[in-house]
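Asker: One structure, as structure tokens, below. Some questions next.
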Amino acid sequence: MNFYSCDALCESVAAAFFPDEQVENKLFELDGKIWRIPTVNQKTPITDFPFQSRMLDFFEGQAIADTDPVQETADLKYLPKVSHGIIRAEEWLEGNLEESYEPAPTILWEDFDSWETFLQFIKKRKSKKFFADSRRRRRKLEEAVGPVEFVFGDTRPEILKACMQWKSEQYRSTGQFDDFAHEENVRLFEELAQRGLLMVSSLSSAEGPIAIDINLFHDGRLYSWIASYDHEYSNYAPGRLLLLEALEASFNAGHREFDFLIGNEDYKWIYASHARLISSLGTPPLKVQAQELMTASVKPALAWGLKSFPGMKGKLKTLALNSQKG
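All residue numbers for the sequence shown refer to this note's numbering, where the first residue is 8 and numbers rise by one.
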């Protein structure tokens, strides 16, 4: 079971979203596995966070034989996102899977006996110019702002706040839903920090932070959750520079895994050795079935509209921004 099932997350969700309710982890049974899920008032499992939040990625179940038979469980009919197993990254990249999944790329550090072995692995995915380019950008950055410092496990509140502000600006500038426009989502991260679940990485100069990653650490696994940077320094690829530092720190710390969570972004496949296969499980409620049917119908029409009428994209972005302001 991953960090979405840990008690510290459950307590943080309760404090951020349900301060007047009783929230605790409960065990549910679905598809021959046990799932540990935060539950409101003994009956309502939290399988998605409020406010259209993308903060909840996926649950991982546990075989019934591996759980305490004395513990009471309840039946569950549906989970929107769960891990159906893990495969090597090459299997995903070959594109021959019979089922439809979302990938959650990850690095299993046990595959690499040294940091140099991992660097050689990356070079097979990218040319040697990748590292030369990173060194060049780091050098140019330091020429511009002076020496930069990497901090692994940065506990400064202002660093956490800066990352959320930058990410909020990024969401709004690209017409995406802004998770951090809701105080409850901001409070979730503050609660997680208080409980020691966050492991924030930062890259800073004497002038202030340049790039920040909000990671979570649980049970030997480091999760890359929210990443952002000061766009004044975008020409220096600050996100890449910070990620390379964080990966090396994770390896040297003896972590079991570096989990990129759900997302098929190209940069994740530069580093991932494996991928978890994510999709729903069980029978979705009628409301979800209707939403899925509508999405399946609308997407082809929207794609045609954007292709046929290029100006529509800008109008849709404006509508999205106005709806967030409202």
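Yeah, the Cβ is synthetic: ideal placement off N, Cα and C, and Gly gets one too.
Throw me the rounded Cβ distance for the L195 and A23 pair, which I believe falls under 8 angstroms.
Answerer: Translated into the one-based positions of the sequence shown, residue 195 becomes position 188. Translated into the one-based positions of the sequence shown, residue 23 becomes position 16. Confirmed, Cβ separation roughly 4 angstroms.
Asker: Hey, S208 and D161: beta-carbon distance below 9 angstroms or not?
Answerer: Working through the sequence shown from its first residue, we reach residue 208 at position 201. Working through the sequence shown from its first residue, we reach residue 161 at position 154. Going by C-beta atoms, S208 is nearer than 9 angstroms to D161.
Asker: Where in the segment 115-195 do unbroken runs of the beta strand (DSSP E), each at least 3 residues long, occur, reported from the N-terminal end onward?
Answerer: Entirely contained in the segment 115-195, the beta strand (DSSP E) runs reaching 3 residues are, in chain order, 156-159.
Asker: Tell me the residue span of the alpha helix (DSSP H) that contains F258.
Answerer: Against the sequence shown, residue 258 aligns to sequence position 251. Element bounds for F258: P245 to N259.
Asker: Does the beta-carbon distance from R283 to E117 come in below 9 angstroms?
Answerer: The sequence position of residue 283 within the sequence shown is 276, counting from 1. The sequence position of residue 117 within the sequence shown is 110, counting from 1. Contact: no.
Asker: Name the residue from D185, E214 and I93 whose alpha carbon lies nearest to the alpha carbon of V155.
Answerer: Here residue 155 refers to the residue found at position 148 when the sequence shown is read from its first residue. The option with the nearest alpha carbon to V155 is E214.
Asker: Report the three-state DSSP secondary structure of L284 (helix, strand or coil).
Answerer: Working through the sequence shown from its first residue, we reach residue 284 at position 277. Strand.
Asker: If the criterion is Cβ atoms closer than 9 angstroms, does the pair A253 and L223 meet it?
Answerer: The residue given as residue 253 occupies position 246 in the sequence shown. The residue given as residue 223 occupies position 216 in the sequence shown. No.
Asker: So is R145 buried or exposed if we call it buried at 16+ other beta carbons inside 10 Å?
Answerer: Working through the sequence shown from its first residue, we reach residue 145 at position 138. Answer is buried; the Cβ neighbour count reaches 16.
Asker: On the CB-based measure, 16 or more other CB atoms within 10 Å of its CB, does W232 come out buried or exposed?
Answerer: For the purposes of this step, residue 232 is identified with residue 225 of the sequence shown, where counting begins at 1. Its Cβ being crowded by 16 or more others within 10 Å, W232 is buried.
Asker: Just curious, the alpha helix (DSSP H) that S19 is in, first and last residue?
Answerer: On the sequence shown, position 12 is the one that residue 19 refers to. Its alpha helix (DSSP H) spans residues D14 to F24.
Asker: Helix, strand or coil for L199? Go by DSSP, reduced to three states.
Answerer: Stepping through the sequence shown from its first residue, residue 199 is reached at position 192. In this structure, L199 counts as helix in the three-state DSSP scheme.
Asker: Answer with buried or exposed for L6, where buried requires no fewer than 16 other C-beta atoms within 10 angstroms of its C-beta.
Answerer: Residue 6 lies beyond the stretch modelled for the chain, which goes from 8 to 333, so this question has no answer here.
Asker: Judging by CA-CA distance, which residue of Y278, L100, M206 and Y108 is the nearest neighbour of F119?
Answerer: Within the sequence shown, numbered from 1, the residue matching residue 119 stands at position 112. Residue Y278 is the option with its Cα nearest to F119.
Asker: Using alpha carbons as the reference points, say which of E109, A81, Q78 and T80 lies closest to G92.
Answerer: As a working note, residue 92 is residue 85 in the sequence shown. When each option's Cα is compared against that of G92, the closest is E109.
Asker: Using the DSSP secondary-structure output, state which residues sit across from R228 in a beta bridge.
Answerer: Taking the first residue of the sequence shown as position 1, residue 228 is located at position 221. Beta-bridge pairing links R228 to H225 and E264.
Asker: For K147, collect the residues of the same chain with a Cβ closer than 7 angstroms to its Cβ; drop the 5 residues on either side in sequence, then sort them by chain order.
Answerer: The residue you call residue 147 lines up with position 140 of the sequence shown. Only Y243 meet the Cβ criterion.
Asker: Between A169 and the rest of its own chain, which residues show a CB-CB distance below 7 angstroms, the 5 nearest in sequence each way excluded?
Answerer: As a first step, residue 169 must be located in the sequence shown, where it is residue number 162. Correct list, in chain order: P216 and I219.
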